[in-house]
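Right, one structure below, let's go through it.
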Amino acid sequence: MNNNYWTIAERTNGRLAMIGLFALIINYGFFGWIIPGIY
Numbered sequence: 267m268n269n270n271y272w273t274i275a276e277r278t279n280g281r282l283a284m285i286g287l288f289a290l291i292i293n294y295g296f297f298g299w300i301i302p303g304i305y
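Have a look at this one:
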């Protein structure tokens, strides 16, 4: 396989992880919980 594929895959994975982290922080800030029903 082309090495460029893995570079793009890792970059996309990192970006999605950061989006998830920010979503978790914002959800905790607005509602006070990380997962609904679990404080």
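Every letter in the sequence shown is one number past the one before it in my numbering, and letter 33, counting from 1, is 299.
Heads up, the beta-carbon is just placed ideally off N, CA and C, and yes, glycines get one too.
{"query": "DSSP three-state assignment for Ile300, whether helix, strand or coil", "result": "coil"}
{"query": "Through-space distance from Ile285 to Phe296, alpha-carbon basis", "result": "16 Å"}
{"query": "Option nearest Leu287 by Cα separation, candidates Ile300, Arg277, Glu276 and Ala275", "result": "Ile300"}
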